[in-house]
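Written below as structure tokens is the structure these notes are about.
2 protein chains.
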Amino acid sequence: MAKRVLGELCSEALPDEHRLDTAVHIKHLQAGDCLFSAEEQHPNVYFIRNGMIKMVYETMDGNAWIKAFSEEGKFFASLMALEPGGKTSFSTYAVCDTTVEQLPYKVLIELANSHPVWQKVLRRAFEIYGFKKETREKELLTLSPEERYVRFIKDREELAGRLTDRDIASYIRVTPVALCRIKRRVRDMGTLIYCIDDRGENHEN
Amino acid sequence: MAKRVLGELCSEALPDEHRLDTAVHIKHLQAGDCLFSAEEQHPNVYFIRNGMIKMVYETMDGNAWIKAFSEEGKFFASLMALEPGGKTSFSTYAVCDTTVEQLPYKVLIELANSHPVWQKVLRRAFEIYGFKKETREKELLTLSPEERYVRFIKDREELAGRLTDRDIASYIRVTPVALCRIKRRVRDMGTLIYCIDDRGENHEN
DNA sequence: ACAATAAATTAACCCAGGTTAACGACAACA
DNA sequence: TGTTGTCGTTAACCTGGGTTAATTTATTGT
Chain A
2 MAKRVLGELC SEALPDEHRL DTAVHIKHLQ AGDCLFSAEE QHPNVYFIRN GMIKMVYETM
62 DGNAWIKAFS EEGKFFASLM ALEPGGKTSF STYAVCDTTV EQLPYKVLIE LANSHPVWQK
122 VLRRAFEIYG FKKETREKEL LTLSPEERYV RFIKDREELA GRLTDRDIAS YIRVTPVALC
182 RIKRRVRDMG TLIYCIDDRG ENHEN
Chain B
2 MAKRVLGELC SEALPDEHRL DTAVHIKHLQ AGDCLFSAEE QHPNVYFIRN GMIKMVYETM
62 DGNAWIKAFS EEGKFFASLM ALEPGGKTSF STYAVCDTTV EQLPYKVLIE LANSHPVWQK
122 VLRRAFEIYG FKKETREKEL LTLSPEERYV RFIKDREELA GRLTDRDIAS YIRVTPVALC
182 RIKRRVRDMG TLIYCIDDRG ENHEN
């Protein structure tokens with residue numbers, strides 16, 4: 002079980018894997034439930050068995066911006082919270098009914114310290130995390146909200162289909178109202194492009 | 002020498018350290034020089050001996066947005082370029098005259114595979130990288146341009162002092178013109194706050 | 001010291017996203 | 001069946017950043 006969840010990282014059997022089974026704590030969440038809140042100490046790594054989790058930064062002025070989504074089969078954690086004494090800067094909520102496996106980071110560190118293979122798996126996990134964050138950073142820096150929306154819908158179609166527009170807006174980093182306008186614009190542009198493709202000229206205006 | 006550069010990660014002596022010295026390639030750059038360009042294969046890790054490097058995303062419409070700065074004593078790499086066959090999505094330039102040590106990632110992987118301590122050092126490096134990216138992501142998602150500017154100037158005063166406003170703007174993710182307006186606003190607000198602090202009331206308007 | 005180039009500032013105009021509010025669609029629930 | 005509440009959509013207005021261009025202020029080079 003813990004093994005299945007490691008699939009993203011490593012296909013071989015790993016030493017002392019049973020230690021995971023004893024350390025893992027299963028949690029069932031209903032849609033909207035909070036997994037953990039910002040400012041808490043949460044030195045844990047989570048594996049999503051099924052469902053979906055959203056990680057959100059809540060600002061003082063009452064806004065909430067979604068940092069990332071994590072689906073079944075994926076793992077996640079708050080890096081800040083993994084540091085000794087560190088605290089999460091974001092909260093996590095279940096997007097729909099969700100089951101997660103919670104594993105104290107300490108256990109992974111111990112495994113890593115006694116088995117080089119585990120150290121490697123851990124390193125690989127951070128590599129993947131950094132990779133994703135690098136991508137997100139690039140999107141936030143180089144794309145307009147509209148471009149971010151189009152790419153999100155295209156690249157993560159299945160995921161987007163399970164979300165409310167509200168959450169999509171929050172991830173795109175735009176208000177729900179703005180997302181509506183963007184959707185309309187994209188829709189109109191869509192028919193525009195259709196016209197051009199179809200007749201070879203633009204029939205709008 | 003390679004040892005000094007690892008200071009950020011590990012204080013103890015590491016096995017086979019001499020392999021670094023033979024694999025490291027020193028590069029001297031003048032202000033403005035390009036270290037490597039986007040779309041290149043660059044499976045290397047860089048340590049900055051002195052000077053400063055900026056990592057920049059160059060968009061198709063001719064814009065350039067600075068992803069991050071790296072100063073002396075720090076290391077950096079393009080995670081995408083470290084993946085087998087991967088390519089950088091950003092370019093790097095020297096902000097001022099700069100000396101870097103270039104190390105093939107392959108060497109680090111080999112060291113990591115033969116020595117658990119090295120595996121750990123590598124893991125720690127990715128931890129730190131993810132940590133920084135998490136912070137940057139939070140700033141981009143939750144702060145306004147003005148807030149990003151104020152925080153940048155406050156948190157990284159020394160670094161900011163060595164940059165042109167142009168580069169600061171590019172990091173804040175606004176145009177140089179917008180940065181000017183922001184600076185003026187902040188300046189005015191500064192005197193405003195001064196008034197309030199000093200006399201207990203607001204003398205503007 | 002002066003010319004040439006780049007960087008920073010300011011003004012004017014445009015536009016996309018933020019904000020508030022109103023309305024219709026839909027689901028959950030008594 | 002009606003009520004309540006949430007979600008998506010639209011309209012109206014406001015604001016701050018983008019854009020262009022002109023001007024002033026550093027920097028550089030000779």
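Order-wise, the sequence lines are chains A and B.
For the first sequence, the working numbering gives the first residue as 2, with consecutive numbering after it.
For the second sequence, the working numbering gives the first residue as 2, with consecutive numbering after it.
Here a beta-carbon is modelled for each residue, glycine too, at the ideal position from N, C-alpha and C.
- In the DSSP assignment, Pro105 of chain A is bridged to A:Asn45.
- Any Cβ of chain B closer than 8 Å to the Cβ of Gly33 of chain A would place that residue at the interface, and such an atom is absent.
- Shown here for Ala82 of chain B: same chain residues with a beta carbon closer than 7 Å to its own, the five before and five after excluded, namely Gln42, His43, Pro44, Lys88, Thr89 in chain order.
- Considering only beta carbons, the part of the stretch 122-142 of chain B lying closer than 7 Å to chain A consists of Leu123, Arg124, Phe127, Glu128, Tyr130, Gly131, Phe132, Lys134, Glu135, Arg137, Glu138, Lys139, Leu141, Leu142, in chain order.
- If you keep only unbroken alpha helix (DSSP H) runs of at least 4 residues inside the stretch 100-157 of chain B, you get 106-115, 117-143, 146-156.
- Around Leu123 of chain A, the same chain offers Leu109, Ala113 as residues with beta carbons nearer than 7 Å, after the five sequence neighbours per side are excluded.
- Annotation: Leu142 of chain B to Lys133 of chain A spans about 16 Å, alpha carbon to alpha carbon.
- Near chain A, meaning a CB-to-CB distance below 7 Å, the residues of the stretch 67-97 of chain B are Lys68, Leu80, Met81, Ser90.
- Among the residues of chain B, those whose CB is under 8 Å from the CB of Thr60 of chain A are Thr143, following chain order.
- In the displayed model, Thr23 of chain A falls within a helix according to three-state DSSP.
- The beta carbon of Ala24 of chain B lies closer than 8 Å to those of Leu104, Pro105, Val108 in the same chain, with the five residues before and after it left out.
- Approximately 16 Å separates the beta-carbon atoms of Tyr58 of chain B and Ala78 of chain B; this is outside 8 Å, ruling out the contact.
- Within the model, the alpha-carbon separation for Asp156 of chain B versus Leu15 of chain A is close to 43 Å.
- Using a Cβ-Cβ distance cut-off of 8 Å, the stretch 136-150 of chain A and the stretch 29-43 of chain A are not in contact, since fewer than three pairs of beta carbons, one from each stretch, lie closer than that value.
- For the stretch 103-117 of chain B, the residues whose beta carbon sits under 9 Å from a beta carbon of chain A are, in order, Ala113, Asn114, His116, Pro117.
- For the options B:Asn51, B:Arg20, B:Glu158, B:Leu21, the alpha carbon positioned closest to that of Gln31 of chain B is the one of B:Asn51.
- The beta-bridge partner set that DSSP reports for Ser171 of chain B is empty.
- Per DSSP, Ala14 of chain A lies in no alpha helix (DSSP H) and is assigned neither H nor E.
- In the assembly as shown, Val178 of chain B is an exposed residue. Its beta-carbon has fewer than 16 other beta-carbons within 10 Å.
- In this structure, Val96 of chain B sits away from Leu180 of chain B, with a CB-CB distance that is not shorter than 8 Å.
- Of the residues A:Phe91, A:Tyr172, A:Glu135, the one whose Cα lies closest to the Cα of Phe37 of chain A is A:Phe91.
- Pairing Phe70 of chain B with Gly131 of chain A gives a Cβ-Cβ distance that is not under 8 Å.
- According to the DSSP assignment, Leu164 of chain B belongs to no beta strand (DSSP E), since it is labelled neither H nor E.
- Taking the Cβ atoms as the reference, Ile54 of chain B lies roughly 7 Å from Val101 of chain B, within the contact range of under 8 Å.
- Residues Arg152 of the same chain have their beta carbon placed closer than 8 Å to that of Leu144 of chain B, with the five preceding and five following residues left out of the count.
- At least one beta carbon of chain B lies nearer than 8 Å to the beta carbon of Arg174 of chain A.
- The residues Tyr94, in chain order, have a CB closer than 6 Å to that of Cys35 of chain B in the same chain once the five nearest residues on each side in sequence are set aside.
- When beta bridges are read from the DSSP output, Lys55 of chain B appears opposite B:Phe70, B:Tyr94.
- For Gln120 of chain A, at least one C-beta of chain B is nearer than 8 Å to its own C-beta.
- Excluding its 5 nearest sequence neighbours in each direction, Met56 of chain B has C-beta neighbours in its own chain below 6 Å: Lys68, Ala69, Phe91, Thr93, listed in chain order.
- Per DSSP, the continuous alpha helix (DSSP H) segment holding Met81 of chain B begins and ends at 80-83.
- Between the alpha carbons of Asp189 of chain A and Arg182 of chain A lies a gap of roughly 10 Å.
- Here DSSP, grouped into helix, strand and coil, assigns Ala32 of chain A to coil.
- Taken atom to atom, the span from the alpha-carbon of Ile173 of chain B to that of Glu158 of chain B is near 14 Å.
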